[in-house]
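K.L.:
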Amino acid sequence: MNSANSSLQMPSRTRYAGQLMDVSSRRSVQLVGGPAGQSPDDTHDITVDYFYHVGQFWRAVFPAGCIASVRGQAFNFSQVRTRKGSNGPEVIYNKQGLPKRTLPFLNHVQSRFTCDPATPLRLYHLGEAPTGEPVHEITDFVYSAEAVGPAGVRFNLRDALLSGFVTAHRFVSTRELVFERIVIQGQYLTESPPLPISRQTANRLLHKSLLRSHHAG
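For the sequence shown, position 24 matches number 366 in the numbering used here, and the numbering has no gaps at all.
1. Between which two residues does the alpha helix (DSSP H) harbouring Asn498 extend?
2. What residues match up with Phe455 in a beta bridge as DSSP calls it?
3. Hey, how far is the Cα of Tyr485 from the Cα of Gln421?
4. Alpha carbon to alpha carbon, how far is Tyr358 from Met352? Give it in angstroms, no decimals.
5. Mind checking who Ser420 pairs with in its DSSP beta bridge?
6. Starting from Thr509, trace the beta strand (DSSP E) both ways and give me its first and last residue.
7. Tell me, which residues are paired with Thr532 by DSSP?
8. Quick one: residues in its chain with C-beta nearer than 8 Å to the C-beta of Ile434, no 5 flanking neighbours on either side, listed in chain order?
9. Rounded to whole angstroms, what is the Cα-Cα separation between Pro462 and Gln398?
10. Are the stretch 472-488 and the stretch 506-513 touching by the rule of at least three beta carbon pairs closer than 8 Å?
11. Would you mind reading off the limits of the alpha helix (DSSP H) that contains Arg373?
12. What's the C-alpha gap between Ala378 and Gln372?
13. Quick one: what does DSSP say Leu440 is sitting in, helix, strand or coil?
14. Helix, strand or coil, according to DSSP, for Gln361 in the structure here?
15. For Ile539, is the classification buried or exposed, using 16 other Cβ atoms within 10 angstroms of its Cβ as the cut-off for buried?
16. Could you pull out every residue in the same chain whose Cβ sits closer than 6 Å to the Cβ of Arg541, ignoring the five residues on either side in sequence?
17. Quick one: Cα of Leu504 to Cα of Pro472, how far?
This is the structure we're talking about:
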């Protein structure tokens with residue numbers, strides 16, 4: 343079973359009110375397990391639905407205290423600046439070797455979490471009990487807040503600035519993110535060194551991110 347509940351509708355505050363939301367690959371996670379599952383802490387595994395990996399949604403189990411490090415990531419998703427060259431348009435690069443952008447302020451930031459190799463995330467099919475041998479184990483994933491609209495509506499500044507979209511608080515494997523952002527979209531992604539925080543703080547950051555995603559719906 344792998345369903346993302348295609349009956350979710352755009353809210354009334356948007357200009358697409360009532361239209362079906364495109365949740366084919368972007369949606370927030372949902373904590374599983376009742377009140378205990380919705381109050382994650384350092385002593386219990388955390389289970390969520392709608393973790394995204396290899397083009398599918400999964401039920402994911404985050405082992406207690408699994409996070410070893412956290413990094414910040416960023417990229418600009420406006421068009422690259424070009425100039426006329428002898429063989430056609432040439433990309434203009436900055437001093438850091440990154441393409442200059444037409445809208446330098448149009449940046450996206452996200453958090454990359456890395457697990458201790460001894461405590462990987464365990465992925466199971468949606469709707470199945472998260473016990474036994476998992477379908478996948480991963481140790482690297484990203485938390486990313488992204489705009490979502492109806493099917494067929496691409497990201498645009500008008501809807502972004504005038505609340506035409508809703509925000510999906512995604513949890514997605516780094517492997518999937520590399521495929522989406524770098525292989526398909528050709529983005530240049532920059533990354534910070536590991537944040538200078540303790541493992542306890544890193545795991546609490548995960549807990550808060552999961553709760554925020556869950557409440558975002």
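For glycine and all other residues, C-beta sits at the position ideal for the given N, C-alpha and C.
P.N.:
Inspection of the coordinates gives the following:
1. Here residue 498 corresponds to residue number 156 of the sequence shown, with the count starting at 1. Premise fails: Asn498 is in no alpha helix (DSSP H) and is neither H nor E.
2. The sequence position of residue 455 within the sequence shown is 113, counting from 1. Answer is Val412 and Phe483, bridged to Phe455.
3. Start at 1 with the first residue of the sequence shown, and residue 485 comes out as number 143. Start at 1 with the first residue of the sequence shown, and residue 421 comes out as number 79. Tyr485 and Gln421: Cα-Cα distance of roughly 24 Å.
4. Counted from its first residue, the sequence shown places residue 352 at position 10. Counted from its first residue, the sequence shown places residue 358 at position 16. Distance between the alpha carbons of Met352 and Tyr358 is about 6 Å.
5. Translated into the one-based positions of the sequence shown, residue 420 becomes position 78. According to DSSP, which records beta bridges pairwise, Ser420 is partnered with nothing at all.
6. Stepping through the sequence shown from its first residue, residue 509 is reached at position 167. Counting along the chain, the beta strand (DSSP E) containing Thr509 begins and ends at Val508 to Ser515.
7. Counting from one through the sequence shown, the residue named residue 532 turns up at place 190. Ala416, per the DSSP bridge assignment.
8. Position 92 of the sequence shown, counted from the first residue, corresponds to residue 434. Here the set comprises Val422, Arg423, Thr424, Arg425, Pro441 and Lys442.
9. Locating residue 462 in the sequence shown gives position 120, where the first residue counts as 1. Locating residue 398 in the sequence shown gives position 56, where the first residue counts as 1. In this structure, the alpha-carbon of Pro462 lies about 18 Å from that of Gln398.
10. yes
11. Position 31 of the sequence shown, counted from the first residue, corresponds to residue 373. Looking at the sequence provided, one finds Leu at residue 373 rather than Arg. No alpha helix (DSSP H) holds Leu373; the beta strand (DSSP E) holding it covers Gln372 to Val374.
12. The count along the sequence shown starts at 1 and reaches residue 378 at position 36. The count along the sequence shown starts at 1 and reaches residue 372 at position 30. Bear in mind that a pLDDT of 48 at Ala378, under 50, signals an unreliable position, so the number given afterwards is only what the model happens to contain. Spanning the two alpha carbons is a distance of roughly 13 Å.
13. Stepping through the sequence shown from its first residue, residue 440 is reached at position 98. Coil.
14. Residue numbering aside, residue 361 sits at position 19 when the sequence shown is read from its first letter. Gln361 falls in the coil class under three-state DSSP.
15. As a first step, residue 539 is located in the sequence shown; it is residue number 197 there, counting from the start. Residue environment for Ile539: exposed (fewer than 16 other C-beta atoms within 10 angstroms of its C-beta).
16. Start at 1 with the first residue of the sequence shown, and residue 541 comes out as number 199. Counting only Cβ-Cβ distances below 6 Å, and skipping sequence neighbours, we find nothing.
17. Counting from 1 along the sequence shown, the entry for residue 504 is found at position 162. Counting from 1 along the sequence shown, the entry for residue 472 is found at position 130. One C-alpha to the other measures close to 40 Å.
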